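**Q** Supplied in structure tokens, the structure appears directly below.
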DNA sequence: TCTTCCCCTCAACATGAGGTTGAGGGTGGG
DNA sequence: CCCACCCTCAACCTCATGTTGAGGGGAAGA
């Protein structure tokens, strides 16, 4: 008895239904009618799906779900391989003045304010180690004015950043002190500002980080629950690794997403 | 008459019509009705479009034309949408990921004001897949089985990852081929799995990256608009820098968020 | 002012993508 | 030979994405 290597449409359905809950028989047939599939047939007309057909179907469903591609486009991509860029012949006669700054490799913002406590020599560049999680929170502390100066940003902007919760100072005595991370954030923000980005746009990073952090926390929760110090150290280590993994994943996903924007 | 900085809907129309021949007044109004735009109004109710509104509109039209995104999705990406996905015990997905080497963090104690490094030259070394946005069409391609083997994961898991859109292959001939990023992602995912994380939990990275990418794309849009190659290269460079800044910011925010979990 | 565009809203209509449903009828294995 | 499964085909449905038109107000030059 020859291993029947193909499946009926109903079998395909139940195979894929977990992965794609909204697939139906009629949808599969519809996809064929649109030329996206072309399964063999038995003499009596039943569709025979082999592995490649199933892969193809899976891919189609995925493009629909993940990339929202219209069937027409999916079909083109299945046939014509990589995109055949449709050329557009258009002039661009009007050089529109854009507000966006088109930043050059801008010169580093000059560090005004010499009067800065340059204590705290640092090193913290654990490459993809994900930034020392365990380093004391306050290797350095700066007043608001010092922070502004070190970041090369006007005081007002610092206030903005604080308003959106991107940096947080601790009130100490009569002024507020900021730690190293605040400085890091301020400088990074300065980088963004050169592109015309505003503080409020950066809030997404905070929200995202909070979610990511609480996700990580769930993961290491079992360790944290044991109160013993070894487990605790282990938890910190794990968090560092998770952070690094997350960094890598974010990078890969970001590259992928940017690539699809036809650059 | 004080330099009117805004345009009427009709002026916007004629501005964009070359670039997007099928834009119409009613379409613009429709986009507003769907919440994708929200121009100011004059006291008498006329819409006032400023430069950012126009950029936003342009971006929307581009996403429609180039990436076929539904308006709902465009809207979500513009504003950090509700990417639902009920969680069972994990934090709700949607985080931007990346712990960063914090580019240039140090409060440099010296006077050497030099141009900043602009972009790290990391090659993809470990699973921590670093940067190259402009690296050509992926140098490697693996079959599904090879991918599984290289990542040290069962084939089934690859399917899972694919199911959540974390990796994507292209069907070629009888099997599907995967690029280098797929391998990177698979390895990183393997790292997560060791902590008991499941594929579906990683979806948040994808969603977040898409949002971040579309944010970056808007920032760089003025450059992309000019069709000339120098501007294009500049755009790619800028994207790389933005990605690096984002990485740093994600790292800083993540550290901060984790610290608050009293570790 | 008057005239002529341009703009506003709101509701009804249009169109196409992406399927679904049902009638009517074969297929096949227990 | 029965019942679950499969087939086709046409009609129908829903949703996204706009379009059109009626009815009416604002802006600006002659």
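Chains as they are written, first to last, in our numbering: chain C, 1 to 263; chain U, 1 to 263.
Where a beta carbon is used, it is the ideal one built from N, C-alpha and C, also for glycine.
Just so we're clear, the structure is a prediction, and the values are computed from it rather than from any experiment.
1. What residues from chain U crowd round residue 201/C, counting only those whose CB sits closer than 9 Å?
2. What's the call for residue 256/U, buried or exposed, on a 16-neighbour Cβ count within 10 Å?
3. In angstroms, rounded to a whole number, what distance separates the CA positions of residue 157/U and residue 206/U?
4. Would you identify the three-state DSSP class for residue 40/C, choosing helix, strand or coil?
5. With C-beta atoms as the reference, is residue 169/U less than 9 Å away from residue 66/C?
6. Just to confirm the assignment, what range does the beta strand (DSSP E) spanning residue 77/U have?
7. Answer with yes or no whether the minimum CB distance from residue 75/U to chain C is below 9 Å.
8. Give me the chain C residues within the contact set of residue 206/U, using Cβ-Cβ distance strictly less than 7 Å, ordered along the chain.
9. Figure out for me which residue from 185/U, 201/U, 211/U has the closest Cα to the Cα of residue 252/C.
10. Return no unless some Cβ of chain U is closer than 9 Å to the Cβ of residue 181/C.
11. According to DSSP, simplified to helix, strand and coil, what is residue 53/C?
12. Looking at the secondary structure, which residues open and close the beta strand (DSSP E) in which residue 177/U lies?
13. Does any C-beta atom of chain C lie closer than 9 Å to the C-beta of residue 24/U?
14. Exposed or buried, which one is residue 196/U when buried takes at least 16 other CB atoms within 10 Å?
15. Return helix, strand or coil for residue 24/C, following the three-state DSSP convention.
16. Can you say whether residue 172/C is buried or exposed, counting buried as having 16 or more other CB atoms within 10 angstroms of its CB?
17. I'd like the span of the alpha helix (DSSP H) that includes residue 204/U, first residue to last.
18. Assign residue 145/U to buried or exposed, taking buried as 16 or more other Cβ atoms, counted over all protein chains shown, within 10 Å of its Cβ.
19. Quick one: is residue 228/C near chain U, going by C-beta distance under 9 Å?
20. What are the boundary residues of the beta strand (DSSP E) that residue 172/U is part of?
21. Check distances from the C-beta atoms of the segment 7 to 19 of chain U to those of chain C and list, in chain order, the residues that come in under 8 Å.
22. Could you give the DSSP three-state label for residue 166/U: helix, strand or coil?
23. Taking the beta carbon of residue 26/C as the centre, do at least 16 other beta carbons fall within 10 Å, making it buried, or is it exposed?
24. Can you say whether residue 46/C is buried or exposed, counting buried as having 16 or more other CB atoms within 10 angstroms of its CB?
25. Any idea what DSSP makes of residue 153/C, helix, strand or coil?
26. Go to residue 9/U, then tell me how far its alpha helix (DSSP H) extends in each direction, as first and last residue.
27. Helix, strand or coil, according to DSSP, for residue 261/U in the structure here?
28. Could you give the distance in angstroms between the alpha-carbon of residue 55/C and the alpha-carbon of residue 43/C?
29. Who pairs with residue 47/C in a beta bridge, going by DSSP?
30. Could you tell me which residues DSSP pairs with residue 143/U in its beta bridges?
31. Quick one: Cα of residue 248/C to Cα of residue 188/U, how far?
32. From this set, 192/C, 229/C, 174/C, which residue's C-alpha is nearest residue 241/U's C-alpha?
33. Would you report the Cα separation of residue 57/U and residue 37/U, rounded to the nearest angstrom?
34. Are the CB atoms of residue 258/U and residue 180/C nearer to each other than 9 Å?
35. To the nearest angstrom, report how far apart residue 231/C and residue 243/C are at their CA atoms.
36. Ordered along the chain, which non-local residues of its own chain (more than five positions away) have a Cβ less than 6 Å from that of residue 34/U?
**A** According to the structure data:
1. 215, 219
2. buried
3. 17 Å
4. If DSSP states are grouped into helix, strand and coil, residue 40/C belongs with the strands.
5. no
6. Counting along the chain, residue 77/U falls outside any beta strand (DSSP E), though it belongs to the alpha helix (DSSP H) covering 71 to 79.
7. no
8. 253
9. 185/U
10. yes
11. Residue 53/C falls in the helix class under three-state DSSP.
12. Taken as a continuous stretch (DSSP letters only), the beta strand (DSSP E) holding residue 177/U covers 175 to 178.
13. no
14. exposed
15. coil
16. exposed
17. 203 to 225
18. Here residue 145/U is exposed: its Cβ has fewer than 16 other Cβ atoms, across all protein chains shown, within 10 Å.
19. It does not; no Cβ of chain U falls within 9 Å.
20. 170 to 172
21. 15, 18, 19
22. coil
23. exposed
24. exposed
25. coil
26. In the DSSP annotation of this structure, the continuous segment of the alpha helix (DSSP H) that includes residue 9/U starts and ends at 9 to 16.
27. coil
28. 24 Å
29. Answer by DSSP bridge pairing, in chain order: 41/C.
30. 177/U
31. 7 Å
32. 192/C
33. 7 Å
34. no
35. Whole-angstrom Cα-Cα distance: 18 Å.
36. Short of 6 Å from the beta carbon of residue 34/U, and not among the five residues preceding or following it, lie these beta carbons of its own chain, in chain order: 71.
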